[in-house]
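Worksheet for the structure shown next.
Residue numbers (our numbering), protein chains in the order written: chain W, 9 to 93; chain L, 25 to 173.
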């Protein structure tokens, strides 16, 4: 955790480094073993992007994250988690 | 290796540019004094035509082998766009350094009245900067596709 303080502004912001994880793989399995391609088609991205998201190699935009959550009919925080280190 | 149509397309462009311009530069830098301005233009046009032909043929091949991906292969999703943006940024830095180096080379060559610093040599070095920047662009895309963005 890094601290960025400004004496003139009188504020001290805490810059956190975090990691976004997700349960997409499990949710796909629970959702009638939905394929990555099927999820990609419904969300409007490529299958490789779904794969990258599942492996936490790519953090999707808020819009795509919401669309994924909508597909599984779950709230966003049940699909994606943000953990600070 | 699980490659998307976009990733295969980048590999094709990278290899085509490396082969075509690798040959071009090996010839023109191999005997720089023998290349005239007209010959350079003819060689350049030939290299560009060859590049277009190679890219077209190879893109048809990868589209045929991955029809499902190729159907929406022309469409970039948000991850593809991010990869392109970051790779373009890297390529810009390389091009910027190349052009700066070129300016330095021209000024120094002019000061020393170097006979090797000919307009044809200038053109080839500028072209080299563009080609290296393009290779950096495609190489960066492959790196980001594999490592993640």
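A virtual CB, placed ideally from N, CA and C, is assigned to each residue, including glycine.
Practice problem: Can you have a look at residue 136(L) and say buried or exposed, based on whether 16 or more other CB atoms are within 10 angstroms of its CB? | Solution: Exposed is the call here.
Quiz item: DSSP on residue 61(L), reduced to helix/strand/coil?
Solution: helix
Practice problem: State the start and end residues of the unbroken beta strand (DSSP E) segment that holds residue 90(W). | Solution: 88-92
Quiz item: From residue 85(W) to residue 158(L), what distance separates their C-alpha atoms?
Solution: For residue 85(W) and residue 158(L), the distance between alpha carbons rounds to 41 Å.
Practice problem: Assuming residue 36(L) contacts residue 79(L) (C-beta within less than 8 Å), just tell me the rounded distance between them. | Solution: 6 Å
Quiz item: Which residues, taken in chain order from the stretch 53-72 of chain W, show a beta carbon closer than 9 Å to some beta carbon of chain L?
Solution: So the list reads 53, 54, 55, 56, 57, 59, 60, 61, 63, 64, 65, 66, 67, 68, 69, 71, 72, given in the order they occur along the chain.
Quiz item: Over what stretch of residues does the beta strand (DSSP E) that includes residue 26(W) continue unbroken?
Solution: Start and end: 26-30.
Practice problem: Closer than 6 Å by C-beta to residue 66(W): which residues in its own chain qualify, once you throw out the five before and the five after it? Chain order, please. | Solution: 60
Practice problem: Spatial neighbours of residue 114(L) within its chain, please: CB distance less than 8 Å, with the 5 preceding and 5 following residues excluded, ordered by chain position. | Solution: 160, 161, 164
Self-check item: Neighbour list for residue 101(L) in chain W, Cβ cutoff strictly below 8 Å
Solution: 52, 53, 54, 57
Quiz item: Secondary structure at residue 54(L), three-state DSSP: helix, strand or coil?
Solution: Look at residue 54(L) here: in three-state DSSP terms it is helix.
Practice problem: Express the C-alpha separation of residue 27(L) and residue 12(W) in angstroms, rounding to a whole number. | Solution: Here the model assigns residue 12(W) a pLDDT of 49, short of 50, so the residue's position is not dependable, and the following value carries that caveat. Rounded to the nearest angstrom, the two C-alpha atoms are 41 Å apart.
Exercise. Return the chain-ordered list of same chain residues with a C-beta closer than 7 Å to the C-beta of residue 77(W), the five sequence neighbours on each side being excluded.
Key: 83, 84, 87
Quiz item: Do residue 64(W) and residue 31(W) have their C-beta atoms closer together than 9 Å?
Solution: no
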